[in-house]
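Chemist: In order, the protein sequence lines correspond to chains U and W. Per my numbering, the very first residue in the first sequence carries number 68; after that it's consecutive. Per my numbering, the very first residue in the second sequence carries number 526; after that it's consecutive. Glycine included, every Cβ here is placed at the ideal spot set by N, Cα and C. Note that the structure is predicted; figures quoted are calculated from it, not measured. The structure follows.
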Amino acid sequence: MNNINLKYILPRVSSSVRNTEQITQSDVWLKDIQFERGQLYLLEACSGTGKSSLCSYIYGYRQDYEGQITFDGKDISHISTKELVNVRKQELSILWQELRLFPELTAMENVIIKNKLTSYQPQRQIDEWFEMLGIADRKNYKIGRMSFGQQQRVAMIRALCQPFSFLFADEPISHLDANNSQIMAKIMMEEAHKQGAGVIITSIGKHMSLDYDKAIHL
Amino acid sequence: MNLVWKLLRQHISIPQFAGFFLANLVGMLIIMLGVQFYNDTQAIYNGEDSFMRNDYFIINKTIGTISGITGKSETFTEDEINELKSQPFVKKMGWFTSSAFQVRASFNIEDFSSFSTEMFFESVPDEFVDVMSEKWFFEEDNTDIPIILPRNYLDLYNFGYAQSQNLPQLSEGLFGAISLDITISGNGETGKFHGNIVGFSSRLNTILVPEQFMKWANDKYGSTDVSSTISRIIMEVDNPADENITQYLQDNNYETDQSKLDASKTTFLLKMIVGIVTSVGLVICILAFYILMLSVLLLVEKNNTKLENLLVIGYSPAKVAMPYQLLTIGLNITVLILSSILLIIIRNEYINLFENFFPNMDIPSLWQSLVAGTILLVIVSILNIIAIRTKIMSIWKKKD
């Protein structure tokens, strides 16, 4: 997948407020905007302006919007279940703001459950990341017993356990200290470069200090 | 798959599944037992001479004292036959043709004993013959005639004559090995034939030869024209317990074997009881299926977030649905296996009783009840699979 195009999309709940300043000044809502593979984007927004909704729309997870989202020109509202599953396995990776980890499983199991599906990362690499992010000693802890910051790191590792053309990171460092967010940014960007992928990072203020190609205001 | 299962087995309610398991087991067992019991009892009624028996009546006119004295034969007129034929309870109808020639049969067992007797033949259309034999045909250039005797004769010989005379009892097979010398005469001609007993009939109480032979022999040796004299009629009916049959026979002064009527009534009653019992089994199965469906759907509901997250990290709906589908199929198969085992155990108990009462019965195989169980398993499993898949798809297509 080489590009993701958002054409005049708007959450349905906002359709009654389409002429407000928030919508008219947005770079995304009701605009024609394209994300290119290989580029790094910063999507800035205030809380509650629809970052997570946007991620869900692009991920094909929610359809409560108007307008059109296309992958390489193909309207995603017309792709089949099988294609969408493939997109999620091969093309789009997402680090959800709410993480979506399984509290019943350990940190490592949470990563393995994804990597088993894609058989993408060698175990050695996963171990290395755990090490780098300082949670190697928590591998076998149940997710429910870890802090949100630690969980964020596990979720990031999981997000990298698949091939992708685009990586969405929805507020990836909201609960991380400067050091850890730097390590996380490094790991993330290394993997994205390796795959030649586009990266879209959302933020409500605090963001990874990276060399962004484009900053977009939502 | 193991991790997925580790996740999805959360919230599985053992009591609910045990409830389903027991209910389904009872339902399945009742259905299979019903089918099996019906087959087994049918085997008793049918004996070994019929593959799939329908209900037949052989009727004749009542022989009164006067007709006996006057020698007036009690034959059916064409109108009477047509009227009978048009009755709604008659499915098929045919009549007995009697021989219009003289028959003498003799047999010799070398240097041991010989036996000779006058006898007669009758024939009915082949479709009414309840003995399956590939020898049941006649060719003009062949002198072999297949013969079917009433089962009563065999019993009469084995339990009456042979026992009283200290003669060996004979099996059907042994009877089949005896070749009778048959001499037919009439119309100024005499013919010699070999008669082979090819079977014993419970339905047809006469000495039966193929209709083909009868036509040919009556043409050749027949001294009188018997084609128009019909004294016994055989008919197949749908429901032997139909009151109209008894009423009609009575009104027209026709006779039939009363015990046969009773046996048929019993069969009908049995069919009804088995039908009711099987239906109860089916209802229990449907309820069990409901319990299972509710448990599974409740489970899916409870694990909704987990399922959703699995879908979100790239698991396909089919993969997510599979653990629950395998769980239900596994349960269904276990139920089938267990109910088959119970069926075999229970059946062994009652079949011993049956065998005591009816030593000659052919014990039917189990395949019909097993097939019934399997069909039920397949239907229930398919419904389970569809229901689970639909539920997972509704999570997949989640619309906020």
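#1: Can you tell me the Cβ-Cβ gap for LEU550 of chain W and SER906 of chain W, rounded? I've got them flagged as a contact below 8 Å.
#2: Does the separation of the CB atoms of GLN694 of chain W and ASN677 of chain W fall below 7 Å?
#3: In chain order, what residues of the same chain lie with their CB nearer than 7 Å to the CB of CYS113 of chain U, ignoring the 5 residues before and after it?
#4: Could you tell me if the beta carbon of PHE663 of chain W falls within a distance shorter than 6 Å of some heavy atom in the ligand FAD?
#5: Should VAL221 of chain U be labelled buried (16 or more other beta-carbon atoms within 10 Å of its own) or exposed?
#6: So, does the CB of LEU901 of chain W fall closer than 7 Å to a CB anywhere in chain U?
#7: How big is the Cα-Cα spacing for ASN246 of chain U and PHE215 of chain U?
#8: Kindly provide the ranges of any beta strand (DSSP E) runs that are 3 or more residues long and lie completely inside the segment 608 to 655 of chain W, ordered along the chain.
#9: By the DSSP assignment, the beta strand (DSSP E) with ALA282 of chain U in it spans what residues?
#10: Extract the residue ranges of the alpha helix (DSSP H) inside the segment 204 to 256 of chain U, only unbroken runs of 4 or more that lie entirely within it.
#11: Going by beta-carbon coordinates alone, are GLU158 of chain U and SER232 of chain U separated by less than 7 Å?
#12: Hey, could you find the ends of the beta strand (DSSP E) MET918 of chain W is sitting in?
#13: Using the Cα positions of ASN829 of chain W and ILE809 of chain W, report the straight-line distance between them to the nearest angstrom.
#14: State the DSSP-derived secondary structure class of LYS531 of chain W, mapped to helix, strand or coil.
#15: Three-state secondary structure (DSSP) at ILE267 of chain U?
#16: Quick check on LEU547 of chain W: buried or exposed, where buried means 16 or more other Cβ atoms within 10 Å of its Cβ?
#17: Between the beta-carbon of ILE268 of chain U and the beta-carbon of LEU109 of chain U, is there less than 7 Å?
#18: Across the segment 614 to 623 of chain W and the segment 684 to 693 of chain W, are there enough close Cβ pairs to call them in contact, namely three or more that are closer than 8 Å?
#19: Using three-state DSSP, classify ILE180 of chain U as helix, strand or coil.
#20: Give me the chain U residues within the contact set of TRP921 of chain W, using Cβ-Cβ distance strictly less than 8 Å, ordered along the chain.
#21: Which partner residues does THR830 of chain W have in the DSSP bridge list?
#22: By the DSSP assignment, the beta strand (DSSP E) with GLN135 of chain U in it spans what residues?
#23: Classify THR668 of chain W as buried or exposed, calling it buried when 16 or more other Cβ atoms lie within 10 Å of its own Cβ.
#24: Is it true that the CB of SER631 of chain W sits closer than 7 Å to the CB of GLU646 of chain W?
#25: Taking buried to mean at least 16 other C-beta atoms within 10 Å of its own C-beta, is PHE576 of chain W buried or exposed?
#26: Based on Cα-Cα distance, which residue from W:ASN607, W:LEU705, W:PHE700 lies nearest to GLU643 of chain W?
#27: What's the C-alpha gap between THR708 of chain W and ARG629 of chain W?
#28: Which of the three DSSP states is assigned to LYS98 of chain U in this structure?
#29: Spatial neighbours of LEU807 of chain W within its chain, please: CB distance less than 8 Å, with the 5 preceding and 5 following residues excluded, ordered by chain position.
#30: Ignore the nearest five residues each way along the sequence and tell me which others in ASN72 of chain U's own chain have a CB closer than 6 Å to its CB.
#31: Helix or strand or just coil, what does DSSP make of VAL84 of chain U?
#32: Beta-carbon separation of THR587 of chain W and ASN778 of chain W under 7 Å?
#33: Taking beta-carbon pairs under 8 Å, can you tell me which members of the segment 175 to 206 of chain U lie near chain W?
#34: Can you tell me which of the three DSSP states MET657 of chain W falls into?
#35: Helix or strand or just coil, what does DSSP make of ARG757 of chain W?
#36: Determine the burial state of PHE882 of chain W: buried for a count of at least 16 other Cβ atoms within 10 Å of its Cβ, exposed for fewer.
Modeler: In terms of the structure at hand:
#1: In this structure LEU550 of chain W is not in contact with SER906 of chain W, their Cβ atoms being roughly 15 Å apart against a cut-off of 8 Å.
#2: For GLN694 of chain W and ASN677 of chain W, no; Cβs fall outside 7 Å.
#3: Closer than 7 Å at the Cβ level, and outside the excluded window around CYS113 of chain U, lie ILE271.
#4: In the structure shown, the ligand FAD is absent, as is every other ligand, since no ligand is present at all.
#5: Around the beta carbon of VAL221 of chain U, a 10 Å sphere encloses 16 or more other beta carbons of the protein chains shown; the residue is thus reported as buried.
#6: So no, LEU901 of chain W is outside the interface.
#7: In this structure, the CA atom of ASN246 of chain U is about 16 Å from the CA atom of PHE215 of chain U.
#8: Scanning the segment 608 to 655 of chain W from its first residue to its last, the whole beta strand (DSSP E) runs of 3-plus residues come out as 615 to 620, 627 to 634, 638 to 644.
#9: 281 to 284 is the extent of the beta strand (DSSP E) around ALA282 of chain U.
#10: 215 to 227, all fully within the segment 204 to 256 of chain U.
#11: When the beta-carbon positions are compared, GLU158 of chain U and SER232 of chain U come within less than 7 Å of each other.
#12: Element bounds for MET918 of chain W: not the beta strand (DSSP E) but the alpha helix (DSSP H), 892 to 921.
#13: Answer to the nearest angstrom: the Cα atoms are 29 Å apart.
#14: Residue state, collapsed to three classes: helix.
#15: It is a strand residue.
#16: So LEU547 of chain W counts as exposed.
#17: For ILE268 of chain U and LEU109 of chain U, yes; Cβs fall inside 7 Å.
#18: No, the segment 614 to 623 of chain W does not touch the segment 684 to 693 of chain W.
#19: If DSSP states are grouped into helix, strand and coil, ILE180 of chain U belongs with the helices.
#20: Near TRP921 of chain W (Cβ distances below 8 Å), the residues of chain U are THR148.
#21: Beta-bridge pairing links THR830 of chain W to no other residue.
#22: 132 to 138 is the extent of the beta strand (DSSP E) around GLN135 of chain U.
#23: Result: exposed.
#24: The amino acid occupying residue 646 of chain W in the given sequence is Phe; Glu does not appear at that position. No, they are not a contact pair.
#25: Annotation note: pLDDT 36 at PHE576 of chain W (below 50); position unreliable, coordinate value reported separately. So PHE576 of chain W counts as exposed.
#26: When only C-alpha atoms are compared, the closest one is W:LEU705.
#27: Rounded to whole angstroms, THR708 of chain W to ARG629 of chain W spans 5 Å at the Cα level.
#28: Reduced to three states, the DSSP call for LYS98 of chain U is coil.
#29: Around LEU807 of chain W: GLY552, ILE556.
#30: Within the same chain, ASN72 of chain U has close Cβ partners GLN101, THR137.
#31: Note: VAL84 of chain U maps to helix in three-state DSSP.
#32: Judged by beta-carbon spacing, ASN778 of chain W lies within the 7 Å limit of THR587 of chain W, meaning their Cβ atoms are closer than that value.
#33: Within the segment 175 to 206 of chain U, the qualifying residues are GLU176, ILE179, ILE180, LYS181, LYS183, LEU184, THR185.
#34: MET657 of chain W: coil per DSSP, three-state reduction.
#35: Looking at ARG757 of chain W - three-state DSSP - the assignment turns out to be strand.
#36: Per the 10 Å Cβ criterion, exposed.
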